[in-house]
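A quick write-up on the structure given underneath.
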Amino acid sequence: MKLAVFNGSPRAKSNTSILLDQLIKGYEQAGGESYTLSMLKKRKDLQEHLQSFMEADTILIAFPLYVDSMPGLVKYFLEEIDQLDSHGKKLGFIVQSGFPEAKHSEYVARYLDKFTRRIGAESIGIVLRGGVEGIQIQPPSMTKKLFTSFNKLGESLALTGVLNPKLIQKLQKLYEFKLYMIPLVNLILKGAGSYWDQQLKENGALERSFDRPYA
Amino acid sequence: MRVLLLNGNPDGMQNTVDSYMKGLATALEERENEVIQFELRSMTINQCTGCWDCWTKTPGRCRIKDDMELIYQQVPKADQFVIVSPIKAGYLTALTKTMQDRMIPLLHPHITLVENECHHVKRYEHYPRLNAIFEREELTDEEDLKIIFDLMERVSRNMRGGKGLVTTTTHHSPQEAANEISRI
Numbered sequence: 276m277k278l279a280v281f282n283g284s285p286r287a288k289s290n291t292s293i294l295l296d297q298l299i300k301g302y303e304q305a306g307g308e309s310y311t312l313s314m315l316k317k318r319k320d321l322q323e324h325l326q327s328f329m330e331a332d333t334i335l336i337a338f339p340l341y342v343d344s345m346p347g348l349v350k351y352f353l354e355e356i357d358q359l360d361s362h363g364k365k366l367g368f369i370v371q372s373g374f375p376e377a378k379h380s381e382y383v384a385r386y387l388d389k390f391t392r393r394i395g396a397e398s399i400g401i402v403l404r405g406g407v408e409g410i411q412i413q414p415p416s417m418t419k420k421l422f423t424s425f426n427k428l429g430e431s432l433a434l435t436g437v438l439n440p441k442l443i444q445k446l447q448k449l450y451e452f453k454l455y456m457i458p459l460v461n462l463i464l465k466g467a468g469s470y471w472d473q474q475l476k477e478n479g480a481l482e483r484s485f486d487r488p489y490a
Numbered sequence: 015m016r017v018l019l020l021n022g023n024p025d026g027m028q029n030t031v032d033s034y035m036k037g038l039a040t041a042l043e044e045r046e047n048e049v050i051q052f053e054l055r056s057m058t059i060n061q062c063t064g065c066w067d068c069w070t071k072t073p074g075r076c077r078i079k080d081d082m083e084l085i086y087q088q089v090p091k092a093d094q095f096v097i098v099s100p101i102k103a104g105y106l107t108a109l110t111k112t113m114q115d116r117m118i119p120l121l122h123p124h125i126t127l128v129e130n131e132c133h134h135v136k137r138y139e140h141y142p143r144l145n146a147i148f149e150r151e152e153l154t155d156e157e158d159l160k161i162i163f164d165l166m167e168r169v170s171r172n173m174r175g176g177k178g179l180v181t182t183t184t185h186h187s188p189q190e191a192a193n194e195i196s197r198i
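This is the structure in structure tokens:
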């Protein structure tokens with residue numbers, strides 16, 4: 276297998292890279308060999324990235340959910356790929372997002388599935404994982420399960436050539452909130468608010484939190 | 015109504031979307047709307063870098079100083095936000111998406127439940143309703159349109175501009191589209 280992994284996060288130290296590192300770790304530990312890891316950060320580098328895409332037989336593109344779909348630069352990359360002949364290639368995606376429910380990512384997942392078909396590639400799976408914002412400040416006890424799951428994804432890629440569907444199902448966790456969950460969810464959302472407020476406070480910007488510069 | 019009309023066509027040589035925009039702007043003005051147009055390919059709108067300054071350091075303001083500022087200034091004052099984009103690789107253009115990514119300073123980072131789903135808290139009292147008109151590409155089929163229109167409905171929920179978004183293709187004349195958009 277010639278694997279090409281693409282990290283579609285614009286951020287310097289990204290949650291996407293943390294998840295991909297775990298996946299690659301599992302992939303290598305299971306004997307996975309030649310792989311390339313490319314960062315989709317600048318438009319001027321896209322031709323070089325296309326080269327990696329063309330040389331690989333298995334491709335994995337990971338990105339954070341931006342406004343219900345892929346970051347703009349990832350869309351530029353997909354528009355380039357759309358021009359190529361990808362018959363015989365295997366293509367998978369990882370979509371990580373902040374909101375807990377997988378439902379938010381379901382819509383771009385449908386797009387990615389259709390995209391894979393349209394370019395003539397074979398799907399190796401589409402991973403959707405919510406609740407990822409904040410993993411950089413969470414203690415290992417909270418992230419251990421998540422990281423292990425991503426190790427196992429990499430392992431399954433090396434051993435079977437696909438991202439294990441059962442694992443994908445497990446990683447999706449919650450599709451949408453049921454009514455009985457709402458009181459607990461409201462509590463959790465207060466916690467999410469604190470995550471942002473803490474950063475605002477550290478930046479001396481808490482009092483300006485609700486500023487309306489364009490009113 | 016005040017209507018923001020955004021042209022997501024990246025290719026100046028391919029002008030059918032541009033012609034549609036002209037027709038739509040005229041039709042909207044004929045219906046007593048104030049139309050403010052943006053031709054995205056003529057503007058400098060850089061990629062969102064995910065720095066979170068707009069939510070944690072300079073609330074409501076993006077760190078990047080470019081032409082997106084012109085759009086920010088209009089959004090909270092507009093009634094309708096209309097995207098006109100060719101379909102490329104099965105979705106709206108990367109040019110349009112890049113602009114959309116830069117919209118998040120207009121929201122607040124806190125999360126609230128809207129119809130039992132997570133969405134971001136409003137920063138402003140009012141947001142325009144999202145509408146989107148697409149020009150089909152050669153391979154566009156009904157499945158593609160459903161995927162795109164469903165995605166627009168989701169974006170509309172996050173944009174907090176209210177329901178009833180108009181999604182269609184350039185198959186509908188600018189007159190018909192203007193009628194739909196102008197209907198409250």
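Quick mapping for you: the protein sequence lines, in order, are chains F and U. Just so you know, the numbering used here puts 450 at position 175 of the first sequence, and the rest follows in order with no gaps. Just so you know, the numbering used here puts 117 at position 103 of the second sequence, and the rest follows in order with no gaps. The beta carbon of each residue, even a glycine, is placed where N, CA and C say it ideally should be.
Using 8 Å as the limit for Cβ to Cβ distance, is residue i near chain U?
| i | result |
| --- | --- |
| Leu475 of chain F | yes |
| Asn426 of chain F | no |
| Ala467 of chain F | yes |
| Ala396 of chain F | no |
| Tyr455 of chain F | no |
| Lys275 of chain F | For chain F, the structure presents residues 276 to 490; residue 275 of chain F sits outside this window and is missing. |
| Pro414 of chain F | no |
| Gly400 of chain F | no |
| Ala518 of chain F | Since the first residue of chain F shown is 276 and the last is 490, residue 518 of chain F is not available in this structure. |
| Pro458 of chain F | no |
| Lys419 of chain F | no |
| Lys448 of chain F | no |
| Glu451 of chain F | yes |
So residue i is in the alpha helix (DSSP H); what residue range does that whole segment cover?
| i | result |
| --- | --- |
| Met329 of chain F | 321-330 |
| Thr181 of chain U | Counting along the chain, Thr181 of chain U falls outside any alpha helix (DSSP H), though it belongs to the beta strand (DSSP E) covering 181-183. |
| Tyr341 of chain F | No alpha helix (DSSP H) contains Tyr341 of chain F, which DSSP labels as neither H nor E. |
| Ala384 of chain F | 378-393 |
| Leu18 of chain U | First-last for Leu18 of chain U: 16-21, but that is the beta strand (DSSP E), not the alpha helix (DSSP H). |
| Pro188 of chain U | 188-196 |
| Asn290 of chain F | 290-304 |
| Asn282 of chain F | First-last for Asn282 of chain F: 278-282, but that is the beta strand (DSSP E), not the alpha helix (DSSP H). |
| Ser205 of chain U | Nothing can be reported for residue 205 of chain U: it is not among the residues displayed for chain U, which extend from 15 to 198. |
| Arg171 of chain U | 156-172 |
| Val460 of chain F | 457-477 |
| Ile85 of chain U | 82-88 |
| Ala108 of chain U | 108-115 |
| Lys441 of chain F | 440-447 |
| Gly37 of chain U | 30-44 |
| Cys62 of chain U | Unbroken run through Cys62 of chain U: none, as it is neither H nor E. |
| Cys68 of chain U | 67-70 |
Assuming residue i and residue j form a contact by the criterion Cβ under 8 Å, report the distance between their Cβ atoms to the nearest whole angstrom.
| i | j | result |
| --- | --- | --- |
| Thr112 of chain U | Ile97 of chain U | With 8 Å as the limit, Thr112 of chain U and Ile97 of chain U do not qualify as a contact, their Cβ atoms being about 12 Å apart. |
| Arg150 of chain U | Thr126 of chain U | Contact flag wrong, Cβ pair sits at about 37 Å. |
| Lys300 of chain F | Gly429 of chain F | 6 Å |
| Ser170 of chain U | Leu144 of chain U | 4 Å |
| Ile385 of chain F | Gly104 of chain U | Checking the sequence, you will find Arg at residue 385 of chain F rather than Ile. Rounded, the Cβ-Cβ distance is 10 Å, inconsistent with contact. |
| Ile195 of chain U | Val17 of chain U | 7 Å |
| Asp115 of chain U | Gln61 of chain U | 7 Å |
| Leu315 of chain F | Leu353 of chain F | Incorrect: roughly 10 Å between the Cβ atoms, too far for contact. |
For the beta strand (DSSP E) that residue i lies in, which residues bound it at each end?
| i | result |
| --- | --- |
| Gln371 of chain F | 365-371 |
| Gly237 of chain F | Past the edges of chain F, shown from 276 to 490, lies residue 237 of chain F, and the structure says nothing about it. |
| Cys132 of chain U | 131-136 |
| Met314 of chain F | 310-314 |
| Pro10 of chain U | In the structure as shown, chain U begins at 15 and stops at 198. Residue 10 of chain U is therefore absent and cannot be evaluated. |
| Arg143 of chain U | 143-149 |
| Phe352 of chain F | Segment 347-356 is the alpha helix (DSSP H) holding Phe352 of chain F; no beta strand (DSSP E) there. |
| Glu397 of chain F | 397-404 |
| Val11 of chain U | Look at the range of chain U in this structure, 15 to 198, and you will see that residue 11 of chain U is not part of it. |
Buried or exposed for residue i, going by 16 or more other Cβ atoms inside 10 Å?
| i | result |
| --- | --- |
| Tyr302 of chain F | buried |
| Ala287 of chain F | exposed |
| Tyr34 of chain U | buried |
| Tyr450 of chain F | exposed |
| Phe52 of chain U | buried |
| Gly462 of chain F | Note on identity: in this sequence residue 462 of chain F is Leu, with Gly being the wrong assignment. The residue is exposed, with fewer than 16 neighbouring Cβ atoms inside 10 Å. |
| Val453 of chain F | A small fix is needed here, since residue 453 of chain F is Lys in this sequence, not Val. By the 10 Å Cβ count, Lys453 of chain F comes out exposed. |
| Glu46 of chain U | exposed |
| Lys419 of chain F | exposed |
Are the C-beta of residue i and some C-beta of chain F separated by less than 8 Å?
| i | result |
| --- | --- |
| Ser76 of chain U | Rather than Ser, the amino acid found at residue 76 of chain U in this sequence is Cys. It does not; no Cβ of chain F falls within 8 Å. |
| Tyr138 of chain U | yes |
| Met117 of chain U | yes |
| Glu129 of chain U | no |
| Ile125 of chain U | yes |
| Gly37 of chain U | no |
| Tyr86 of chain U | yes |
| Gln2 of chain U | With chain U running from 15 to 198 in the structure shown, residue 2 of chain U is simply not present. |
- Message: Beta carbons nearer than 7 Å to chain F: which residues of the region 145-176 of chain U have them?
- Response: Leu153, Glu157, Asp158, Ile161, Asp164, Leu165, Arg168, Val169, Asn172
- Query: Taking a cut of 9 Å between CB atoms, which residues from the region 177-196 of chain U lie near chain F?
  - Reply: none
- Name the residues in the region 348-377 of chain F whose C-beta lies less than 9 Å from a C-beta of chain U; which are they? Leu348, Val349, Lys350, Tyr351, Phe352, Leu353, Glu354, Glu355, Ile356, Asp357, Gln358, Gly373, Phe374, Pro375, Glu376
- Task: Report the residues of the region 51-74 of chain U with a CB closer than 8 Å to any CB of chain F, ordered along the chain.
- Result: Gln61, Cys62, Thr63, Gly64, Cys65, Trp66, Trp69, Thr70, Lys71, Thr72, Pro73, Gly74
- Item | Near-chain F residues of the region 89-110 of chain U - C-beta to any C-beta below 9 Å | Val89, Pro90, Lys91, Lys102, Ala103, Gly104, Tyr105, Leu106, Thr107, Ala108, Leu109, Thr110
- Message: To be precise: take each residue of the region 303-329 of chain F, compare its Cβ to all Cβ atoms of chain U, and keep it if any distance is under 7 Å. Which residues remain?
- Response: none
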